[in-house]
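Asks:
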Amino acid sequence: MSGHKRMLLDVPRAPTSAERDLLSRLLSLDFPGRRELLAQLASAKVAVICPICPSIEFDIARTSPRAPVANGIPVEAEVERSNRGATHLLLHVADGYLSQLEVYADAEPTPHELPDPSELAIIVRR
Ligand SMILES: [Zn+2]
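Okay, so the sequence shown: first residue is 120 according to my numbering, each after it adds one.
(1) Measure the C-alpha to C-alpha separation of residue 153 and residue 188 and round it to an integer number of angstroms.
(2) If you run the structure through DSSP and keep just helix, strand and coil, what is residue 176?
(3) Express the C-alpha separation of residue 203 and residue 183 in angstroms, rounding to a whole number.
(4) Is the beta carbon of residue 142 sitting closer than 7 angstroms to the one on residue 160?
(5) Would DSSP call residue 218 helix, strand or coil?
(6) Tell me the DSSP bridge mates of residue 164?
(7) Run the CB neighbour count on residue 135, radius 10 Å, all protein chains shown included, and call it buried at 16 or more, exposed below.
(8) Alpha carbon to alpha carbon, what distance is there between residue 155 and residue 232?
(9) Does ligand 2 have even one heavy atom less than 6 angstroms from the beta-carbon of residue 174?
(10) Helix, strand or coil for residue 141? Go by DSSP, reduced to three states.
(11) Should residue 244 go down as buried or exposed, given a rule of 16 or more other Cβ atoms within 10 Å for buried?
(12) Taking 7 angstroms as the threshold (C-beta atoms), are residue 197 and residue 224 in contact?
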């Protein structure tokens, strides 16, 4: 989303099934806080979108359990694009709550769609 204009939704929406599938895949490997992030995802809303790329920011009920993550970006992933570098996905956690799924590409244009979850190479930061 860097350099892109954030768009705050008037009414936060539920994640799409593509977003949910991708987030489930990001949270498929174990790390501290994973279980709490999965619990947060169950009731997560999307509050901010980007008109250019699939980056989103979350609205998480503070009644959900806080995740004791060791890193502000506990998990990230990349997908190789032929001759164009990679698309990167970073899952940001702030104060123990899901904060943002950031998508950026090594080369413009940034893809409009989320990559297929099965294509992700996942990197966990414990
Ligand atoms: Zn963007």
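Using N, Cα and C, we set each Cβ at its ideal position, and we do this for glycine too.
Replies: With the given structure in hand:
(1) 8 angstroms
(2) strand
(3) 39 angstroms
(4) yes
(5) strand
(6) 178
(7) exposed
(8) 27 angstroms
(9) Within the structure as shown, ligand 2 is missing, the only ligands being ligand 1.
(10) helix
(11) exposed
(12) no
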